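As structure tokens, the structure follows; a few thoughts come after it.
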Amino acid sequence: MFPWLDHAGRFSSFKLMVFIAILVPGCVVLWPVLFHDGVSLPIKDAIHGSGDWAIRMLLISLAITPFRRVTKFTKIVLVRRMVGLAALGYALCHLLLYCIDQSFDISRIATEIVVRIYLTIGFVAVMGLVVLGITSTNGMMRRLGRNWGRLHKASYGIAALGILHFFMQSKADVTEATLMAGFYLWLMLSRFASKMNWKMKSPVTLLGLAIAAAIGTAAIEYAWFALATGVPPLRVLQANFYWMYPPRPAWIVLIAGVLIALYPVIKQFWEKRGNTDDPDLAGSSARRRNRAGARVRATGR
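Everything in the sequence shown is counted per my numbering, starting at -17 for the first residue and increasing by one.
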């Protein structure tokens, strides 16, 4: 089935736009490699870029369900598999580019993956995505039954491994890795909130998730600098108490979370305004109130 067709085989402009959006980062990352005109091949940047987009796509795929719960935009579920497969595609591209950089020396590549722990973690994450990709078809869903859902919950663990790999290969500059960890933390908190049957459309719940995720992001950044680097972690932690440009990852997570929390408020405001501006809706509401008042007067309650 073509990626721009829905489950009924009909053309979907929404799926086509998402498909094009998924391809754009890959074109940007691979263009210098395919059409380089310099002396050296810019393979290192492409390796890092493809890996970054693999994690981003995976987090976006995991964000689709909470996004649907908050916005009630059910159509977005149509692209969840596509985005997940995009994460697999970028991860495989990341691995392939690494093999190209190592001149396809299989013994050296295998040794590096075994010896270097961050490569081991990254390779396990890629293999996990391969398994999820193979079992993502409708036929495998029917064949696995309930086990399919249990298997694909491993995507959260795979995302955690990918982010850990991101931290370990980033060395001192872990700004974007921390940002990805913050978004992942928000996703895990939203998953916990759903299991606890908290209202995901409630601005209070969403604001609480934003604050908790921002604090957790700052804590993750502090823990990384305290355990894995020689940089004074308190200086990093204190930087989160002040606004600066560019903002710290914790601030970005907080801003994103607050914007999500504002969505139900803005939506409710516009719906009420639309009902007030529409004379037919306003008239019908008034008629309902009059009928209710008449019933109360008739029954004496």
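Backbone N, C-alpha and C fix where the C-beta goes; we use that ideal spot for every residue, glycine too. For clarity, every value in this text was computed on a predicted model and none was experimentally measured.
Let me check understanding here. Comparing Cα to Cα, which of the options lies closest to residue i?
{"i": "ILE197", "options": "PRO231, TRP206 and LYS177", "result": "PRO231"}
{"i": "TYR138", "options": "TRP206, VAL61, ALA107 and ASN129", "result": "ALA107"}
{"i": "LEU290", "options": "PHE17, ALA(-10) and VAL52", "result": "Residue numbering for the chain in the displayed model covers -17 to 283; residue 290 lies beyond these limits and cannot be assessed."}
{"i": "GLY110", "options": "LYS(-3), SER43, ILE91 and LEU143", "result": "LEU143"}
{"i": "LYS5", "options": "MET64, MET123 and VAL96", "result": "One detail in the question is off: residue 5 reads as Leu in this sequence, not Lys. The option with the nearest alpha carbon to LEU5 is MET64."}
{"i": "ILE193", "options": "MET(-1), TRP233 and ILE37", "result": "TRP233"}
{"i": "ASP155", "options": "VAL15, LEU(-13), GLY31 and TRP206", "result": "TRP206"}
{"i": "GLY66", "options": "PHE17, LEU114 and LEU219", "result": "LEU114"}
{"i": "PHE209", "options": "GLN250, ASN179, LEU191 and PHE149", "result": "The residue asked about is misnamed: residue 209 is Leu in this sequence, not Phe. The shortest Cα separation from LEU209 among GLN250, ASN179, LEU191 and PHE149 belongs to PHE149."}
{"i": "ALA45", "options": "GLY104, LEU167 and GLN151", "result": "LEU167"}
{"i": "GLY295", "options": "LYS153, GLY190, ARG125 and ILE116", "result": "Past the edges of the chain, shown from -17 to 283, lies residue 295, and the structure says nothing about it."}
{"i": "LEU219", "options": "PRO228, TYR204, ILE25 and TRP225", "result": "TYR204"}
{"i": "SER43", "options": "TRP180, LEU70 and TRP225", "result": "LEU70"}
{"i": "ALA36", "options": "VAL11, GLU253, ASN222 and LEU169", "result": "VAL11"}
{"i": "LEU244", "options": "TYR224, VAL186, CYS81 and ARG255", "result": "VAL186"}
{"i": "ARG38", "options": "THR160, VAL247, THR117 and PRO214", "result": "THR160"}
{"i": "PRO24", "options": "GLY33, TRP13 and ASP34", "result": "TRP13"}
{"i": "GLN326", "options": "LYS54, GLY33, PRO228 and VAL97", "result": "Look at the range of the chain in this structure, -17 to 283, and you will see that residue 326 is not part of it."}
So for residue i, helix, strand or coil by DSSP?
{"i": "PHE(-7)", "result": "strand"}
Measure the C-alpha to C-alpha separation of residue i and residue j and round it to an integer number of angstroms.
{"i": "PRO(-15)", "j": "THR47", "result": "20 Å"}
{"i": "LEU(-2)", "j": "LEU60", "result": "11 Å"}
{"i": "GLY31", "j": "ASN120", "result": "31 Å"}
{"i": "MET226", "j": "GLU253", "result": "36 Å"}
{"i": "MET170", "j": "ALA238", "result": "15 Å"}
{"i": "LEU101", "j": "LEU79", "result": "14 Å"}
{"i": "PHE165", "j": "LEU236", "result": "10 Å"}
{"i": "LEU74", "j": "LEU40", "result": "13 Å"}
{"i": "LEU133", "j": "ALA28", "result": "31 Å"}
{"i": "ASN179", "j": "GLY8", "result": "38 Å"}
{"i": "ILE88", "j": "VAL15", "result": "22 Å"}
{"i": "ALA(-10)", "j": "ILE2", "result": "21 Å"}
{"i": "ASP34", "j": "LEU77", "result": "12 Å"}
{"i": "THR93", "j": "PRO214", "result": "34 Å"}
{"i": "CYS81", "j": "LYS26", "result": "11 Å"}
{"i": "TYR72", "j": "VAL97", "result": "24 Å"}
{"i": "PRO228", "j": "ARG128", "result": "45 Å"}
{"i": "ILE140", "j": "VAL112", "result": "11 Å"}
For residue i, which residues in the same chain have their Cβ closer than 7 Å to its Cβ, ignoring the five residues on either side in sequence?
{"i": "ALA163", "result": "ILE145, THR199 and ILE202"}
{"i": "THR157", "result": "PRO231"}
{"i": "ALA221", "result": "ARG230"}
Quick one: what's got a C-beta closer than 8 Å to residue i's C-beta in the same chain, skipping five residues either side?
{"i": "MET182", "result": "PRO48, ARG51, VAL52, SER172, ALA175, SER176 and LEU188"}
{"i": "HIS(-6)", "result": "Checking the sequence, you will find Ser at residue -6 rather than His. These residues qualify, in order along the chain: TRP(-14), LEU(-13), ASP(-12) and LEU60."}
{"i": "LEU126", "result": "THR117 and LEU133"}
{"i": "VAL247", "result": "PRO185"}
If I measure Cβ to Cβ from residue i and keep anything under 6 Å in the same chain, skipping five residues before and after, which residues do I get?
{"i": "GLY123", "result": "The sequence as given places Met at residue 123; Gly does not occur at that position. So the list reads TRP130, once near-sequence residues are dropped."}
{"i": "VAL0", "result": "VAL61"}
{"i": "GLN151", "result": "TYR100"}
Mind reading off the beta-carbon distance from residue i to residue j? Whole number of angstroms is fine, and I expect it under 8 Å.
{"i": "GLY104", "j": "HIS147", "result": "4 Å"}
{"i": "ILE91", "j": "GLN84", "result": "5 Å"}
{"i": "LYS57", "j": "PHE(-4)", "result": "6 Å"}
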